[in-house]
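Colleague: The numbering of the sequence shown is this note's numbering, which starts it at 12 and goes up by one.
No residue lacks a Cβ here, since even glycine has one placed at the ideal position from N, Cα and C.
This one's a predicted model, so the numbers in the text were calculated from it and none came from an experiment.
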Amino acid sequence: MDSDGINPLFADPKRLLLDMAREHRLPELLRMVVERAAETPRVALARIWLAQRTVDCAKCLTPTECNGRPTCLQLVASAGRSAVDPRVEWTRLDGAFRRIPLGARKVGRIAATGEPIEVPNLSSPEPPEWVARPEWVRAEGIAGFGGQPLVHRGQVLGVLAVFARGAIGAECMSWLRTIADHAAAAIATARAFEQIEELRAKLELENEYLREEVTRTGAFGELVGGGPALEAVARQIDLVAPTDSAVLLLGESGTGKELVAREVHRRSKRSARPLVKVNCAAVPRELYESEFFGHAKGAFTGALRDRAGRFELADGGTLFLDEVGEIPLELQAKLLRVLQEGELERVGEERTRKINVRLIAATNRDLRAEAEAGRFRQDLYYRLSVFPVELPPLRKRGEDIPLLAEHFLALTARKLGRSKPRLTLANVQQLQRYHWPGNVRELQHVIERAVITADGSRLTIDLPVGSPGTTSKAAAVPAAGGEDRVLTDAEVRELEANNIRVALRQTKGKVSGPGGAAELLGVRPTTLASRIKVLGLAE
12 MDSDGINPLF ADPKRLLLDM AREHRLPELL RMVVERAAET PRVALARIWL AQRTVDCAKC
72 LTPTECNGRP TCLQLVASAG RSAVDPRVEW TRLDGAFRRI PLGARKVGRI AATGEPIEVP
132 NLSSPEPPEW VARPEWVRAE GIAGFGGQPL VHRGQVLGVL AVFARGAIGA ECMSWLRTIA
192 DHAAAAIATA RAFEQIEELR AKLELENEYL REEVTRTGAF GELVGGGPAL EAVARQIDLV
252 APTDSAVLLL GESGTGKELV AREVHRRSKR SARPLVKVNC AAVPRELYES EFFGHAKGAF
312 TGALRDRAGR FELADGGTLF LDEVGEIPLE LQAKLLRVLQ EGELERVGEE RTRKINVRLI
372 AATNRDLRAE AEAGRFRQDL YYRLSVFPVE LPPLRKRGED IPLLAEHFLA LTARKLGRSK
432 PRLTLANVQQ LQRYHWPGNV RELQHVIERA VITADGSRLT IDLPVGSPGT TSKAAAVPAA
492 GGEDRVLTDA EVRELEANNI RVALRQTKGK VSGPGGAAEL LGVRPTTLAS RIKVLGLAE
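1) Determine the extent of the beta strand (DSSP E) in which Arg176 is found, giving its start and end residues.
2) By the three-class DSSP mapping on this structure, what secondary structure does Thr312 have?
3) For Tyr393, count the other beta carbons within 10 Å of its own beta carbon; 16 or more makes it buried, fewer makes it exposed. Which is it?
4) So, for Glu300: in the same chain, excluding its five sequence neighbours on each side, which residues have a beta-carbon less than 6 Å away from its beta-carbon?
5) Check for me: the alpha helix (DSSP H) holding Phe419 runs from which residue to which?
6) Is Ala48 near the ligand GDP, in the sense that its beta carbon is under 8 Å from a heavy atom of that ligand?
7) So, Ala62 versus Val162, is the Cβ gap smaller than 9 Å?
8) When DSSP labels each residue in this structure, what does Gly265 get in the three-state scheme?
9) Among Leu298, Gly177 and Val462, which has the Cα closest to the Cα of Arg425?
10) Of the residues Glu146, Gly320, His35 and Thr537, which one's Cα is nearest the Cα of Phe204?
11) Are the beta-carbon atoms of Val48 and Ile190 separated by less than 9 Å?
12) Name the two residues that bound the continuous alpha helix (DSSP H) containing Leu405.
13) Could you have a look at Pro19 and say whether DSSP puts it in helix, strand or coil?
14) Is the CB of Phe311 under 9 Å away from at least one CB in chain C?
15) So, are the CB atoms of Val258 and Val275 less than 9 Å apart?
16) Quick one: give me the first and last residue of the beta strand (DSSP E) that Lys117 is part of.
17) In whole angstroms, what is the alpha-carbon distance linking His418 and Val235?
18) In its own chain, which residues sit with a C-beta less than 6 Å from the C-beta of Ile412, not counting the 5 before and 5 after it?
19) Could you pull out every residue in the same chain whose Cβ sits closer than 6 Å to the Cβ of Gly477, ignoring the five residues on either side in sequence?
20) According to the Cβ coordinates, are Val118 and Ala172 closer than 9 Å?
21) To the nearest angstrom, report how far apart Ala123 and Arg98 are at their CA atoms.
22) Give the secondary structure of Thr254 by DSSP, where H, G and I count as helix, E and B as strand, and everything else as coil.
23) Can you tell me where the alpha helix (DSSP H) with Asp390 in it begins and where it stops?
24) What residue range does the alpha helix (DSSP H) around Lys25 cover?
25) With which residues is Ser89 paired in a DSSP beta bridge?
26) Hey, His193 and Met43 are a contact pair by Cβ (cut 8 Å); roughly how many whole angstroms apart?
27) Buried or exposed: where does Ile371 fall if 16 or more other Cβ atoms within 10 Å of its Cβ makes it buried?
28) Can you grab the Cα-Cα spacing for the pair Phe322 / Phe398, in whole Å?
29) Inspect the beta-carbon positions of Leu41 and Val87 and report whether they are closer than 9 Å.
30) Can you tell me whether Ala175 is buried or exposed? The criterion is at least 16 other CB atoms within 10 Å of its CB, across all chains shown.
31) For the candidate residues Asp96, Trp101 and Arg109, whose alpha-carbon lies nearest to that of Cys83?
32) Specify, as a first and last residue, the run of the beta strand (DSSP E) that Thr374 falls within.
33) Which residues does DSSP pair with Cys83 in a beta bridge?
34) Check each candidate in Leu436, Ala292, Val335 and Arg188 and name the one with the smallest Cα separation from Val604.
35) Tell whether a beta-carbon distance below 9 Å holds between Arg408 and Ala540.
36) Taking C-beta to C-beta, are Arg64 and Pro81 nearer than 9 Å?
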């Protein structure tokens, strides 16, 4: 009993306070408060309403009292049992009091004012006028009411209301205030945890999306670009990477064959094992066998210890043979045997070793023509070229040049410890007009040289004078009336329009992509589309 000699409302209020502090899930917290309050027979009904955004006003039972307010009280937890019929439990949240406008009735007034309504004793024959259902009060023997605002940091979050059978003593009412205060803090904490979980889930989704985007578009691992040519390469990587098939990377020097090899390995099931690289053009002829297969101590002059070859180092992983066309013809048969049988012997050793290697080869030669001419073994060629991937030269990836240039700018500035210069539109257009015989590697070196010589944020691109492609096709069109006559603005526009018409006719209306008018004119597809619109060339 409390100090007034009245049986307590709560069986163990201290335990309730501790349990509320530990519960960080809002629905479970709300249910805990009302169910613990309704554990004793003295409590007929315990409910919590929270202030929430008003929705679905068409089903509201008090539309006139609400009058279009953006916030109202919504019933979120209810517990209690009828004394008249113990089978009846009051746990529904969709009854007549599921919504209460702020300021309406006793519960609404508590939320609107932030002040409690405490009626310890309803012993008068007739209930007060604010009682919504006097017959229910009489039937259930309701003799005490405690309505406490749930206030956290000056903000009313909702209302906790308890209807008691019999009067509510002063100590019990004090416990009800304490429970309401702690419940408000626990609700705020639970909401904070919900927001954290939502943000975490959102971040995970965003990260997953970004991972997919990085893998499939824009930047393919270490491959920078977003044009159709690179997308085609990325699709081929997606197809072959999960397999163990041999891959032959074809393309001019400097197109990024090693980066593609890394990406194939990274996406393969062997990614946890090493990727071992051999530059076949840099290996002396007399050391090929030792470099590939290893040697035993004393096998030849200078073999001071046992040494594992590149095939053994790559066991379980991937071996990348760069410039594979440089392997001497007499050694290609031994390489083919290792690839076919998965076995090798170190130089100077009779022991046979099993190896499991996925092979990626690269060359800037036409290996098919080399094989037909007898300069490369045909059987080895067919073994290496199970899945050929041809990398486009940079001159066919004009739309990727700005991305690549920005990428190399950032890398070089960071390496040199300088602030990153700004890449202007004029810089980009200059880069896109150049033929790039050295491909991406040449672009990287040009950008690095430009950063070294940059004057503050001003970037000067130094390209070989008179190199192929340094003059745009549009500029090559002769001006009518001789070199010395100055063209009017209308004549310049007409000249540009005619030049675009010629390009569109030659490409049969194709604007973007390989062989499109944008590539022919040396401009970005978006730039060409804008010019077509401005010049009124669109049909």
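Modeller: Let me spell this out:
1) Residue numbering aside, residue 176 sits at position 165 when the sequence shown is read from its first letter. Run containing Arg176: Gln166 to Arg176, per the beta strand (DSSP E) assignment.
2) Numbered from 1 along the sequence shown, position 301 holds the residue referred to as residue 312. Thr312 falls in the coil class under three-state DSSP.
3) For this step, residue 393 is matched to residue 382 along the sequence shown. It is exposed - the Cβ of Tyr393 has fewer than 16 other Cβ atoms within 10 Å.
4) Here residue 300 corresponds to residue number 289 of the sequence shown, with the count starting at 1. So the qualifying residues of the chain are Val358.
5) Locating residue 419 in the sequence shown gives position 408, where the first residue counts as 1. Taken as a continuous stretch (DSSP letters only), the alpha helix (DSSP H) holding Phe419 covers Ile412 to Leu427.
6) Of the ligands one can find in the structure shown there are none, so the ligand GDP has no counterpart to examine.
7) On the sequence shown, residue 62 is found 51 positions in, with the first residue counted as 1. On the sequence shown, residue 162 is found 151 positions in, with the first residue counted as 1. No, these two residues do not count as a Cβ contact at 9 Å.
8) On the sequence shown, residue 265 is found 254 positions in, with the first residue counted as 1. Gly265 falls in the coil class under three-state DSSP.
9) Indexing the sequence shown from 1 puts residue 425 at position 414. The shortest Cα separation from Arg425 among Leu298, Gly177 and Val462 belongs to Val462.
10) As a working note, residue 204 is residue 193 in the sequence shown. Looking at the Cα atoms, His35 is the closest of the given residues.
11) By one-based count along the sequence shown, residue 48 stands at place 37. By one-based count along the sequence shown, residue 190 stands at place 179. The sequence as given places Ala at residue 48; Val does not occur at that position. Closer than 9 Å, so yes.
12) The sequence position of residue 405 within the sequence shown is 394, counting from 1. Unbroken run through Leu405: none, as it is neither H nor E.
13) For the purposes of this step, residue 19 is taken as residue 8 along the sequence shown, with counting starting at 1. If DSSP states are grouped into helix, strand and coil, Pro19 belongs with coil.
14) Absent from the structure: chain C. Only one protein chain is present.
15) Residue mapping note: residue 258 aligns to position 247 of the sequence shown, counting from 1. Residue mapping note: residue 275 aligns to position 264 of the sequence shown, counting from 1. Taking 9 Å as the Cβ cut-off, Val258 and Val275 qualify as a contacting pair.
16) To locate residue 117, count along the sequence shown from 1; it is residue 106. Counting along the chain, Lys117 falls outside any beta strand (DSSP E), though it belongs to the alpha helix (DSSP H) covering Arg116 to Thr124.
17) In the sequence shown, residue 418 corresponds to position 407, counting from 1. In the sequence shown, residue 235 corresponds to position 224, counting from 1. His418 and Val235: Cα-Cα distance of roughly 8 Å.
18) As a position in the sequence shown, residue 412 is number 401, starting the count at 1. If we look at Ile412 and ignore the five residues flanking it on each side, its Cβ neighbours are Leu442 and Gln443.
19) To locate residue 477, count along the sequence shown from 1; it is residue 466. Its pLDDT being 47, under 50, Gly477 is placed unreliably by the model, and the measurement read from it follows with that caveat. Same-chain partners within the cutoff: there are none.
20) Counting from 1 along the sequence shown, the entry for residue 118 is found at position 107. Counting from 1 along the sequence shown, the entry for residue 172 is found at position 161. Against a cut-off of 9 Å, the Cβ pair of Ala172 and Val118 comes out as a contact.
21) For the purposes of this step, residue 123 is taken as the residue at position 112 of the sequence shown. For the purposes of this step, residue 98 is taken as the residue at position 87 of the sequence shown. In a straight line, the C-alpha of Ala123 is about 35 Å away from that of Arg98.
22) Translated into the one-based positions of the sequence shown, residue 254 becomes position 243. Of the three classes helix, strand and coil, the one that applies to Thr254 here is coil, per DSSP.
23) As a working mapping, residue 390 is identified with position 379 in the sequence shown. Element bounds for Asp390: Gln389 to Leu395.
24) Working through the sequence shown from its first residue, we reach residue 25 at position 14. Run containing Lys25: Pro24 to Arg33, per the alpha helix (DSSP H) assignment.
25) Residue numbering aside, residue 89 sits at position 78 when the sequence shown is read from its first letter. The partner list for Ser89 (beta bridge, DSSP) reads Arg58.
26) As a first step, residue 193 is located in the sequence shown; it is residue number 182 there, counting from the start. As a first step, residue 43 is located in the sequence shown; it is residue number 32 there, counting from the start. 12 Å between Cβ atoms; not a contact.
27) By 1-based counting over the sequence shown, the position of residue 371 is 360. The residue in question, Ile371, is buried, as its Cβ has 16 or more Cβ neighbours within 10 Å.
28) Locating residue 322 in the sequence shown gives position 311, where the first residue counts as 1. Locating residue 398 in the sequence shown gives position 387, where the first residue counts as 1. So the alpha carbons of these two residues sit roughly 20 Å apart.
29) Counted from its first residue, the sequence shown places residue 41 at position 30. Counted from its first residue, the sequence shown places residue 87 at position 76. Taking 9 Å as the Cβ cut-off, Leu41 and Val87 qualify as a contacting pair.
30) Taking the sequence shown and counting its residues from 1, the one referred to as residue 175 is at position 164. Buried: at least 16 other Cβ atoms inside 10 Å.
31) Indexing the sequence shown from 1 puts residue 83 at position 72. It is Arg109.
32) Mapped onto the sequence shown, residue 374 falls at position 363. Thr374 -> beta strand (DSSP E) spans Arg369 to Thr374.
33) Walking along the sequence shown from the start, residue 83 turns up at place 72. In DSSP, Cys83 forms a bridge with Gln63 and Pro112.
34) In the structure as shown, the chain begins at 12 and stops at 550. Residue 604 is therefore absent and cannot be evaluated.
35) Taking the sequence shown and counting its residues from 1, one reaches residue 408 at position 397. Taking the sequence shown and counting its residues from 1, one reaches residue 540 at position 529. No.
36) Reading the sequence shown from its first residue, position 53 is the one you call residue 64. Reading the sequence shown from its first residue, position 70 is the one you call residue 81. For Arg64 and Pro81, yes; Cβs fall inside 9 Å.
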